[in-house]
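Novice: Once you know that position 85 of the sequence shown is 562 in my numbering, the rest is easy, because the numbers rise by one and skip nothing.
This is the structure, below, for whatever I ask next.
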Amino acid sequence: MGFYTQTGSRRAERTNRKSRFISTDGSSRYEQPLEMPDDTEIEKLLKYSGTNDTFLQSSSDYLLHITEDCTEALITLYYRPSGPFTEEEIRELLKENGIVTGIQEKTLLELAAGGHDYEEVLIAQGTAPIDGKDGFFEFHFNPEPEKRPIIHPDGTVDYNVLGKIELVVEGQHIVTYHGAIPGTDGVDVYGKTLKAYQGVEQAPLQCTNCHMNEEADKYYADLEGSVTFEEDALIVTPLYVVEGNLDAATGDVDFNGDVIVQGNVFAGVTVNTTGNITINGHVETANLFAGKDVILKNGMQGSGSGTIQAGRNVMARFLEQTQVVAGNEVNTGALLNCEIESNNCIIVSGKRGTIIGGSLTAAELISAASIGNRAGVTTRLTIGLEKDFKALMEELDSLTLEKQDEFSDLLRELDNISMRLKSQPATPELTAKNEELANAKAQCQEILNELYTKRERVIDINSRSVEGKIVVSELTFAGTVVTINGLRHTLHSEYKNVTIKRHQREIRILSNKI
Numbered sequence: 478m479g480f481y482t483q484t485g486s487r488r489a490e491r492t493n494r495k496s497r498f499i500s501t502d503g504s505s506r507y508e509q510p511l512e513m514p515d516d517t518e519i520e521k522l523l524k525y526s527g528t529n530d531t532f533l534q535s536s537s538d539y540l541l542h543i544t545e546d547c548t549e550a551l552i553t554l555y556y557r558p559s560g561p562f563t564e565e566e567i568r569e570l571l572k573e574n575g576i577v578t579g580i581q582e583k584t585l586l587e588l589a590a591g592g593h594d595y596e597e598v599l600i601a602q603g604t605a606p607i608d609g610k611d612g613f614f615e616f617h618f619n620p621e622p623e624k625r626p627i628i629h630p631d632g633t634v635d636y637n638v639l640g641k642i643e644l645v646v647e648g649q650h651i652v653t654y655h656g657a658i659p660g661t662d663g664v665d666v667y668g669k670t671l672k673a674y675q676g677v678e679q680a681p682l683q684c685t686n687c688h689m690n691e692e693a694d695k696y697y698a699d700l701e702g703s704v705t706f707e708e709d710a711l712i713v714t715p716l717y718v719v720e721g722n723l724d725a726a727t728g729d730v731d732f733n734g735d736v737i738v739q740g741n742v743f744a745g746v747t748v749n750t751t752g753n754i755t756i757n758g759h760v761e762t763a764n765l766f767a768g769k770d771v772i773l774k775n776g777m778q779g780s781g782s783g784t785i786q787a788g789r790n791v792m793a794r795f796l797e798q799t800q801v802v803a804g805n806e807v808n809t810g811a812l813l814n815c816e817i818e819s820n821n822c823i824i825v826s827g828k829r830g831t832i833i834g835g836s837l838t839a840a841e842l843i844s845a846a847s848i849g850n851r852a853g854v855t856t857r858l859t860i861g862l863e864k865d866f867k868a869l870m871e872e873l874d875s876l877t878l879e880k881q882d883e884f885s886d887l888l889r890e891l892d893n894i895s896m897r898l899k900s901q902p903a904t905p906e907l908t909a910k911n912e913e914l915a916n917a918k919a920q921c922q923e924i925l926n927e928l929y930t931k932r933e934r935v936i937d938i939n940s941r942s943v944e945g946k947i948v949v950s951e952l953t954f955a956g957t958v959v960t961i962n963g964l965r966h967t968l969h970s971e972y973k974n975v976t977i978k979r980h981q982r983e984i985r986i987l988s989n990k991i
């Protein structure tokens, strides 16, 4: 009957069906064919109804309006000289249009009594679905501490925000789990079920030095230390705090956990931890080895022999004449004559972030405000591999094949010795030879394992450095030597605000200005 619109579509259906309830004498329900409006009238009606989000069912007697979610039906009845619609006629009208749920009985009776002509009234109402909620964890500590320094609008860099420790004591309640809430289905005016989203439970957290209660909704620390949340794991790490300085008198620190030094670390000291090292003071020619992060809030002057090795990140206000190896990222405010190797990126932060001298290698990115200086100090930057990938892989493959052949020869000789020892009494010569071959086999196996590991690492670095680049926001000075996966280029002039990348067999210097 008539026409309808749905979510902005427009379609006019013409029909030969006779109109309902239009006879002036009321003698027949189906007497005169319904005259359909022409296209212009349809457009006017569509514009009038404004139904981009509703269904309309219309005749010359009524207008039935269904909301987009089908949870409400609104009807407008037009005046009829023959009298108002009867209760039965209205029920039949709703039934013919599929409206079966949530019929408003009081409103229906009022309509049948002749009230509300030309008024849009709610005639049926369904029930909207109520979506459930996923389970979630409530942390009673900050699970997302600052992992990078804050760069202020004036270009200065704040490293004091790093290394914030969340301390807990044994038995402390550290996390609460709130279970999922199920959803409640609804029903539309057509009687169809409207499915609600059902909340999903979260998997329990992995725990290190902490535990979950029997109800699986609370987590408690098993010891005193620092608490962190890393990759869906809740970790409480033993903590060793040095209130003052570390020097020759205090000696070295070797600790299974996190170490915080409130003061300075002077020359000759070694700090070795399985967790993080955080030093609030200054660092001289020391050796720092961390299984996780090294955070130096006041930088380090390594004097050419200071070293830092971190399983993850190294963050420092500045680094001078220091050797650094990081499993992930190096982030600092300045680098002066340093040897840096990062498995991911080297970020020299801030408006004055500068790299002068030294040699830097990163798998994916080196970023700084300036590189080199006007004196032309040689500064070497490498993205990816120092050598050409093909040449390096061929070299590794050749060494691997050589060692594999050697390993096979050793196995054959060991088999021969074993057979001789089974068939004849052992002699000092045979025993010594067997021991010699066994040692050679173990050494050869160790070298092979190292070659396999190096081969995998080279392939990994090459794949990650394909889009590797050097980004400089200010000046890159002459004397800078760039190597990207074995392709080397020396800059003989200054460049400002550029990105340096490799494209096939050439190094390209691209302006960052759009």
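A virtual CB, placed ideally from N, CA and C, is assigned to each residue, including glycine.
If you're wondering where the values come from, they're calculated on a predicted model, not measured in any experiment.
Is S826 helix, strand or coil when you go by DSSP?
Specialist: Working through the sequence shown from its first residue, we reach residue 826 at position 349. Coil.
Novice: Is R985 helix, strand or coil by DSSP?
Specialist: Position 508 of the sequence shown holds residue 985. Correct three-state label for R985: strand.
Novice: Residue ranges of each beta strand (DSSP E) run of no fewer than 3 residues wholly in the region 621-656, ordered along the chain?
Specialist: Complete beta strand (DSSP E) runs here, min 3: 650-655.
Novice: Pop quiz: A839 and N850 are said to be a contact at Cβ under 8 angstroms. What is the actual Cβ separation, rounded to whole angstroms?
Specialist: In the sequence shown, residue 839 corresponds to position 362, counting from 1. In the sequence shown, residue 850 corresponds to position 373, counting from 1. Actually they do not touch by this definition, with Cβ atoms about 21 angstroms apart.
Novice: For I772, which option in G745, S782, T809 has the closest C-alpha, if you only look at C-alpha atoms?
Specialist: Within the sequence shown, numbered from 1, the residue matching residue 772 stands at position 295. Cα-wise, what sits closest to I772 is T809.
Novice: Could you name the residues of the same chain whose beta carbon sits closer than 6 angstroms to that of Y556, not counting the 5 residues immediately before and after it, in chain order?
Specialist: Against the sequence shown, residue 556 aligns to sequence position 79. Correct list, in chain order: D594.
Novice: Scan the region 715-789 and note each continuous beta strand (DSSP E) run of 3 residues or more that stays entirely inside, going in chain order.
Specialist: You should have 716-719, 730-732, 735-738, 747-750, 754-756, 764-767, 771-773, 777-787.
Novice: What whole-angstrom Cβ distance do Y674 and F614 have, given they're in contact under 8 angstroms?
Specialist: Within the sequence shown, the letter at position 197 stands for residue 674. Within the sequence shown, the letter at position 137 stands for residue 614. Actually they are not in contact, since the Cβ atoms of Y674 and F614 sit about 20 angstroms apart, beyond 8 angstroms.
Novice: For T957 versus T856, is the C-beta spacing smaller than 8 angstroms?
Specialist: The residue labelled residue 957 in the question sits at position 480 within the sequence shown. The residue labelled residue 856 in the question sits at position 379 within the sequence shown. Yes, the Cβ-Cβ distance between T957 and T856 is below 8 angstroms.
Novice: Go through its chain and collect everything with a Cβ distance to D665's Cβ below 8 angstroms, but skip five positions before and after it.
Specialist: The residue labelled residue 665 in the question sits at position 188 within the sequence shown. The answer, listed in chain order, is D546, C547, T548, T578, G603, L671.
Novice: For the 8 angstroms Cβ check, are there 3 or more pairs between the region 737-752 and the region 684-693?
Specialist: The answer is no - the region 684-693 does not touch the region 737-752, with fewer than three Cβ pairs under 8 angstroms.
Novice: What residue from T755, A917, N619 has the CA that sits closest to N775's CA?
Specialist: Here residue 775 is taken as the residue at index 298 of the sequence shown, counted from 1. Closest option to N775, Cα to Cα, is T755.
Novice: Using three-state DSSP, classify C547 as helix, strand or coil.
Specialist: Looking up residue 547 in the sequence shown gives position 70. In this structure, C547 counts as coil in the three-state DSSP scheme.
Novice: Could you work out which residue in Q739, Y717, A680, D724 is closest to A710 when comparing CA atoms only?
Specialist: Residue numbering aside, residue 710 sits at position 233 when the sequence shown is read from its first letter. Nearest C-alpha to A710: A680.
Novice: In the region 819-907, which residue ranges form an unbroken alpha helix (DSSP H) of at least 4 residues, counting only runs that do not cross its ends?
Specialist: Complete alpha helix (DSSP H) runs here, min 4: 866-900.
Novice: T930 by DSSP, collapsed to three states: which one?
Specialist: One-based indexing of the sequence shown puts residue 930 at position 453. Helix, per DSSP.
Novice: To the nearest angstrom, how far is the alpha carbon of N939 from that of L837?
Specialist: Counting from one through the sequence shown, the residue named residue 939 turns up at place 462. Counting from one through the sequence shown, the residue named residue 837 turns up at place 360. Spanning the two alpha carbons is a distance of roughly 17 angstroms.
Novice: Would you decide whether K769 is buried or exposed? Buried here means 16 or more other CB atoms lie within 10 Å of its CB.
Specialist: Within the sequence shown, residue 769 is the residue found at index 292, counting from 1. That one is buried.
Novice: With a threshold of 16 other CB atoms inside 10 Å of the CB of M777, please say whether the residue is buried or exposed.
Specialist: Indexing the sequence shown from 1 puts residue 777 at position 300. Classification of M777: buried, given that the 10 Å Cβ count is 16 or more.
Novice: Pick helix, strand or coil for T563, following the three-state DSSP scheme.
Specialist: In the sequence shown, residue 563 corresponds to position 86, counting from 1. T563 falls in the coil class under three-state DSSP.
Novice: Can you tell me where the alpha helix (DSSP H) holding E587 begins and where it ends?
Specialist: Taking the first residue of the sequence shown as position 1, residue 587 is located at position 110. Unbroken alpha helix (DSSP H) run through E587: 582-589.
Novice: For the beta strand (DSSP E) that Y555 lies in, which residues bound it at each end?
Specialist: For this step, residue 555 is matched to residue 78 along the sequence shown. It is not in any beta strand (DSSP E) - Y555 carries neither H nor E in the DSSP assignment.
Novice: When DSSP labels each residue in this structure, what does N974 get in the three-state scheme?
Specialist: Indexing the sequence shown from 1 puts residue 974 at position 497. Three-state DSSP puts N974 in a strand.
Novice: Spatial neighbours of K990 within its chain, please: CB distance less than 7 angstroms, with the 5 preceding and 5 following residues excluded, ordered by chain position.
Specialist: Walking along the sequence shown from the start, residue 990 turns up at place 513. Contacts found: N974.
Novice: Along the beta strand (DSSP E) that carries F613, what are the first and last residues, could you check?
Specialist: Here residue 613 refers to the residue found at position 136 when the sequence shown is read from its first residue. It spans 613-616 - the beta strand (DSSP E) in which F613 sits, taken as one unbroken run.
Novice: Could you pull the DSSP bridge partners for Q683 from this structure?
Specialist: Here residue 683 refers to the residue found at position 206 when the sequence shown is read from its first residue. Note: Q683 sits in a beta bridge opposite A710.
Novice: Take S950 as the anchor and find which of G632, L876, T553 has the nearest alpha-carbon.
Specialist: For the purposes of this step, residue 950 is taken as the residue at position 473 of the sequence shown. Comparing Cα-Cα distances from S950 to each of G632, L876, T553, the minimum goes to G632.
Novice: What's the call for L862, buried or exposed, on a 16-neighbour Cβ count within 10 Å?
Specialist: On the sequence shown, position 385 is the one that residue 862 refers to. That one is buried.
Novice: According to the neighbour-count rule (16 or more other Cβ atoms, all chains shown, within 10 Å of its Cβ), is S703 buried or exposed?
Specialist: For the purposes of this step, residue 703 is taken as residue 226 along the sequence shown, with counting starting at 1. Classification of S703: buried, given that the 10 Å Cβ count is 16 or more.
Novice: Applying the criterion that 16 or more other CB atoms from any shown protein chain within 10 Å of the CB defines a buried residue, is I600 buried or exposed?
Specialist: For this step, residue 600 is matched to residue 123 along the sequence shown. Classification of I600: buried, given that the 10 Å Cβ count is 16 or more.
Novice: Short check: CB of D699 to CB of N686, under 8 angstroms?
Specialist: Translated into positions along the sequence shown, residue 699 becomes position 222. Translated into positions along the sequence shown, residue 686 becomes position 209. Closer than 8 angstroms, so yes.
Novice: Assuming contact is defined by CB atoms lying nearer than 8 angstroms, are T784 and N764 in contact in what I supplied?
Specialist: By 1-based counting over the sequence shown, the position of residue 784 is 307. By 1-based counting over the sequence shown, the position of residue 764 is 287. Against a cut-off of 8 angstroms, the Cβ pair of N764 and T784 comes out as a contact.
Novice: In whole angstroms, what separates the C-alpha of G609 from that of E582?
Specialist: Locating residue 609 in the sequence shown gives position 132, where the first residue counts as 1. Locating residue 582 in the sequence shown gives position 105, where the first residue counts as 1. Answer to the nearest angstrom: the Cα atoms are 31 angstroms apart.
Novice: Mind checking who A601 pairs with in its DSSP beta bridge?
Specialist: As a position in the sequence shown, residue 601 is number 124, starting the count at 1. The partner list for A601 (beta bridge, DSSP) reads A550, I580.
Novice: Could you check how far apart the C-beta atoms of G663 and P606 are, in whole angstroms? I think they sit under 8 angstroms.
Specialist: Taking the sequence shown and counting its residues from 1, one reaches residue 663 at position 186. Taking the sequence shown and counting its residues from 1, one reaches residue 606 at position 129. Confirmed, about 4 angstroms.
Novice: Starting from the C-beta of D874, find all residues in its chain whose C-beta is less than 7 angstroms away, skip the five residues before and the five after it, and write them out in chain order.
Specialist: By one-based count along the sequence shown, residue 874 stands at place 397. Same-chain partners within the cutoff: there are none.
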